[in-house]
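Participant: If you scroll down you'll find the structure; I have some questions about it.
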Amino acid sequence: MTLLTHRYRAIDEAVAAIPDGASIMVGGFGSPGTPFALIDELLAQGQRDLTLIKNDANEPGIGIGKLIEAGRVRRLITSHIGLNRDAIAAMNRGELEVTLFPQGILAEKIRSAGAGHHGFLTDIGQGTEIAAGRREIELDGQRWGIEPALYADFALVHAERADRYGNLVYRATASNFNPLMAMAADTVIAQAYRVDEPGSLDLEAIHTPCAFISQVVEVARETSDQGRRAHVS
Amino acid sequence: MSADQQRMLARAAREVIPGQIVNLGIGLPTQLFHYLPDELEVLVHSENGVLGCRPRAAGEVPDWDMIDSGGAYIATRPGASVFDSAMSFAMIRRSRVDVTFMGAFEVDELGNLANWKIPGKFSPGIGGAMELAQKVRRLVILCSHNDKHGNPKILERCRLPLTAERCVSRIVTDKAVMDVTPEGLTVVDIAEGLSVAELREATEAELIVDENRLGRF
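For the record, the sequence lines run as chains A and B.
Using our numbering, the first residue of the first sequence is number -13, and each one after it goes up by one.
Using our numbering, the first residue of the second sequence is number 6, and each one after it goes up by one.
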């Protein structure tokens, strides 16, 4: 792990650690919580053949939608891509391999990895095609499906505030998958609107303790709000 | 919104009891928001991570970090909380959400539900629908009685891939309100001006009707 004293980085330096072919968890549910600035940096640096793990595919022209359109994503592990017609088209053309999980199963597979477990037992999906082919065991008189943990090389997460050790505070519904992914990947790069000195955050308000974080970068609000225009309703 | 949809929403809103935790699915069920008066002490759960959301008032500035699962910018009411996706689905799987409303492609007389995939045509992913359908205490379906070609959606057995087995409690359509019971689909209410014969004609499933106890809506 990166020493506490060496986590606060420039964004280009942090993202440069990601190689071609990496698996990357990306926080966010729709626009809130999506680390737009980190995604833009990844787009600019040119890494390819990526496996992305994100709840959704954002929307056309926004967030990971840009990486998909640029042909940089080989595989997407997700729960719903209905708001991104371009991602659906790429999937239907065979250019993007898409693996779909029910949303709570996806969240729990990531949480399981982050908690140091290799998976969990569930009855979700029994009797449907989602559970077809899933390994099962019998325990306490009931059949359970086995869902292995989901790991990644990197996670890109978005927080409202941070300190330079990597303690993170999320805001409103921008939390979603971020705290789970922050625990599940080998290297975790966090972006925040404000990165302060250690001691500046209320102890009880910290959602993700810095032990899980590798790098932290400060980003401008303006850059990160680019996604918001798409689905104002 | 059509007059039929407004009538369905007004009828469906009567399913909500003060004090409940309620989840509203994407599409027509989301519009139920507008049929729950402010003074009704109900917390609306949205699976992206908020309990206690409400629609923004006219002119209320959007908070760009605050959406519901359909992507609409929403606001919160007193008693609200926000949390991550694992917490949100823990609430669902532990059946701490009292009632959820969802749309449907097909529902059958066993209470099976299909609302996420039409093979070869529509498969964007199931999102949170599977866990909500399987685990919320009471699932109320809010859908048109027939598809746009006039084909029945209330079937003897679902033909599309299931969202969950034997999960539906009640179905509210433009033509009727029906309960899934061990005996079969029992009609509770029938639309004003519709005869039982016309309702049966529009439905594939067998319907149990007691004309003396039938409500109108």
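Built from N, CA and C at the ideal position, the CB exists for glycine as well.
Closer than 8 Å, CB to CB, is Q201 of chain A near chain B or not?
Facilitator: Here residue 201 of chain A refers to the residue found at position 215 of the first sequence. False, the Cβ-Cβ gap to chain B never drops below 8 Å.
Participant: To the nearest angstrom, report how far apart V21 of chain B and A85 of chain B are at their CA atoms.
Facilitator: Along the second sequence, read from residue 1 onward, the residue named residue 21 of chain B stands at position 16. Along the second sequence, read from residue 1 onward, the residue named residue 85 of chain B stands at position 80. Approximately 18 Å, taken between the alpha carbons.
Participant: Please give me, in chain order, every unbroken run of the alpha helix (DSSP H) with length at least 4 that falls completely inside the stretch 30 to 85 of chain A.
Facilitator: Within the stretch 30 to 85 of chain A, the complete alpha helix (DSSP H) runs of at least 4 residues are 50 to 55 and 71 to 78.
Participant: Is it buried or exposed for F237 of chain B, if we count other Cβ within 10 angstroms and need 16 for buried?
Facilitator: This structure leaves residue 237 of chain B out entirely; chain B is present only between 6 and 222.
Participant: Using a Cβ-Cβ cutoff of less than 8 Å, which residues in the same chain neighbour D182 of chain A once the five nearest sequence positions on both sides are dropped?
Facilitator: Stepping through the first sequence from its first residue, residue 182 of chain A is reached at position 196. Excluding sequence neighbours, D182 of chain A sits near R147, A148, D149 and R150.
Participant: Name the two residues that bound the continuous alpha helix (DSSP H) containing P166 of chain B.
Facilitator: On the second sequence, position 161 is the one that residue 166 of chain B refers to. Looking at the DSSP string, P166 of chain B is not in any alpha helix (DSSP H), and its letter there is neither H nor E.
Participant: Determine whether the Cβ of L204 of chain B lies closer than 8 Å to any Cβ atom of chain A.
Facilitator: Taking the second sequence and counting its residues from 1, the one referred to as residue 204 of chain B is at position 199. L204 of chain B does not count as touching chain A.
Participant: What's the call for F15 of chain A, buried or exposed, on a 16-neighbour Cβ count within 10 Å?
Facilitator: Position 29 of the first sequence, counted from the start, is the residue given in the question as residue 15 of chain A. The residue is buried, with at least 16 neighbouring Cβ atoms inside 10 Å.
Participant: Take the Cβ of G30 of chain B as the centre, count every other Cβ of all protein chains shown within 10 Å, and call the residue buried at 16 or more, exposed below.
Facilitator: For this step, residue 30 of chain B is matched to residue 25 along the second sequence. G30 of chain B comes out buried.
Participant: Give, in chain order, every residue of the stretch 163 to 175 of chain B whose Cβ lies closer than 9 Å to some Cβ of chain A.
Facilitator: Flagged, chain order: P166, L167, T168, A169, E170 and R171.
Participant: Could you give the C-beta distance for N164 of chain A and N41 of chain A, rounded to a whole number, given that I count them as a contact under 8 Å?
Facilitator: Position 178 of the first sequence, counted from the first residue, corresponds to residue 164 of chain A. Position 55 of the first sequence, counted from the first residue, corresponds to residue 41 of chain A. The Cβ separation is near 10 Å, so there is no contact.
Participant: Cβ of L136 of chain A less than 8 Å from any chain B Cβ?
Facilitator: Against the first sequence, residue 136 of chain A aligns to sequence position 150. So, not an interface residue.
Participant: Run the CB neighbour count on K95 of chain A, radius 10 Å, all protein chains shown included, and call it buried at 16 or more, exposed below.
Facilitator: Along the first sequence, one-based indexing puts residue 95 of chain A at 109. Its Cβ being crowded by 16 or more others within 10 Å, K95 of chain A is buried.
Participant: Indicate the three-state DSSP secondary structure (helix, strand or coil) for E27 of chain A in the structure shown.
Facilitator: Locating residue 27 of chain A in the first sequence gives position 41, where the first residue counts as 1. Three-state result, E27 of chain A: helix.
Participant: Can you check which of these residues, B:G132, B:P124, B:G130 and B:K140, is closest to Q112 of chain A by C-alpha distance?
Facilitator: Numbered from 1 along the first sequence, position 126 holds the residue referred to as residue 112 of chain A. The shortest C-alpha separation from Q112 of chain A is found at B:K140.
Participant: Verify the CB distance criterion: does P21 of chain A have a CB-CB separation below 8 Å to chain B?
Facilitator: Taking the first sequence and counting its residues from 1, the one referred to as residue 21 of chain A is at position 35. Output row for P21 of chain A: interface = no.
Participant: Quick check on N120 of chain B: buried or exposed, where buried means 16 or more other Cβ atoms within 10 Å of its Cβ?
Facilitator: Translated into positions along the second sequence, residue 120 of chain B becomes position 115. N120 of chain B comes out buried.
Participant: Could you confirm whether any beta carbon from chain B is found closer than 8 Å to the beta carbon of V218 of chain A?
Facilitator: The count along the first sequence starts at 1 and reaches residue 218 of chain A at position 232. Reliability fails at V218 of chain A, whose pLDDT of 45 lies under 50, so the model's placement of it is uncertain and the value that follows must be treated cautiously. It does; some Cβ of chain B falls within 8 Å.
Participant: DSSP has F106 of chain A in a bridge; who is on the other side?
Facilitator: What you label residue 106 of chain A is simply residue 120 of the first sequence in a count that begins at 1. DSSP lists A:E133 as partners of F106 of chain A.
Participant: Between B:K153, B:P83, B:V214 and B:E206, which has its C-alpha nearest M183 of chain B's C-alpha?
Facilitator: Start at 1 with the first residue of the second sequence, and residue 183 of chain B comes out as number 178. It is B:V214 whose Cα lies nearest to the Cα of M183 of chain B.
Participant: Who are R175 of chain B's beta bridge partners in DSSP?
Facilitator: Reading the second sequence from its first residue, position 170 is the one you call residue 175 of chain B. The partner list for R175 of chain B (beta bridge, DSSP) reads B:V145 and B:D184.
Participant: Report back the beta-carbon spacing between L154 of chain A and A176 of chain A to the nearest angstrom; my notes put them in contact at under 8 Å.
Facilitator: Counting from one through the first sequence, the residue named residue 154 of chain A turns up at place 168. Counting from one through the first sequence, the residue named residue 176 of chain A turns up at place 190. Confirmed, about 6 Å.
Participant: Can you give the Cα-Cα distance for E124 of chain A and S90 of chain B, rounded to whole angstroms?
Facilitator: Indexing the first sequence from 1 puts residue 124 of chain A at position 138. Indexing the second sequence from 1 puts residue 90 of chain B at position 85. Each residue's Cα considered, the two are about 28 Å apart.
Participant: Runs of 4 residues minimum, wholly inside the stretch 44 to 105 of chain B: which ones carry the alpha helix (DSSP H) assignment?
Facilitator: If we require 4 residues or more, the alpha helix (DSSP H) runs fully inside the stretch 44 to 105 of chain B come out as 90 to 98.
Participant: Evaluate V218 of chain A with the Cβ neighbour count: other Cβ atoms within 10 Å of its Cβ, from every protein chain shown; 16 or more gives buried, anything less gives exposed.
Facilitator: The residue given as residue 218 of chain A occupies position 232 in the first sequence. Note on V218 of chain A: pLDDT 45, under 50, position unreliable in the model; no value is reported.
Participant: Among A:L24, A:V1, A:V84 and A:S98, which residue has its Cα nearest to the Cα of T64 of chain A?
Facilitator: Taking the first residue of the first sequence as position 1, residue 64 of chain A is located at position 78. Per the Cα distances, A:V84.
Participant: Does A145 of chain A come out as helix, strand or coil in the three-state DSSP assignment?
Facilitator: The residue you call residue 145 of chain A lines up with position 159 of the first sequence. Reduced to three states, the DSSP call for A145 of chain A is strand.
Participant: Would you report the Cα separation of R97 of chain A and G155 of chain B, rounded to the nearest angstrom?
Facilitator: Taking the first residue of the first sequence as 1, we reach residue 97 of chain A at position 111. Taking the first residue of the second sequence as 1, we reach residue 155 of chain B at position 150. Cα to Cα, the separation comes out at about 45 Å.
Participant: Any contact of the stretch 101 to 113 of chain B with the stretch 67 to 79 of chain B, i.e. 3+ C-beta pairs under 8 Å?
Facilitator: The stretch 101 to 113 of chain B, when compared against the stretch 67 to 79 of chain B, does not touch it at the 8 Å Cβ threshold.
Participant: Are any of the Cβ atoms in chain B nearer than 8 Å to that of I132 of chain A?
Facilitator: Working through the first sequence from its first residue, we reach residue 132 of chain A at position 146. No - not a single Cβ of chain B is within 8 Å of the one on I132 of chain A.
Participant: Using the C-alpha atoms, what's the distance from I67 of chain A back to G198 of chain B?
Facilitator: Sequence index remark: in the second sequence, residue 198 of chain B carries index 193 (1-based). Sequence index remark: in the first sequence, residue 67 of chain A carries index 81 (1-based). Near 41 Å, if we compare the C-alpha coordinates of I67 of chain A and G198 of chain B.
Participant: How far does the alpha helix (DSSP H) with E122 of chain A in it reach, from first residue to last?
Facilitator: The residue labelled residue 122 of chain A in the question sits at position 136 within the first sequence. It is not in any alpha helix (DSSP H) - E122 of chain A instead sits in the beta strand (DSSP E) that spans E122 to L125.
Participant: On the three-pair Cβ rule with 8 Å, is the stretch 171 to 190 of chain B touching the stretch 6 to 16 of chain B?
Facilitator: These segments touch.
Participant: Given 8 Å as the limit, is there contact between the stretch 172 to 179 of chain B and the stretch 35 to 54 of chain B, that is, 3 or more CB pairs closer than that?
Facilitator: Judged by Cβ distances under 8 Å, the stretch 172 to 179 of chain B makes no contact with the stretch 35 to 54 of chain B, as fewer than three pairs qualify.
Participant: Hey, would you say G90 of chain A sits closer than 8 Å to R98 of chain B, going by beta carbons?
Facilitator: On the first sequence, position 104 is the one that residue 90 of chain A refers to. On the second sequence, position 93 is the one that residue 98 of chain B refers to. Going by C-beta atoms, G90 of chain A is nearer than 8 Å to R98 of chain B.
Participant: Taking 8 Å as the CB-CB cut-off, is D89 of chain B touching chain A?
Facilitator: Looking up residue 89 of chain B in the second sequence gives position 84. D89 of chain B counts as touching chain A.
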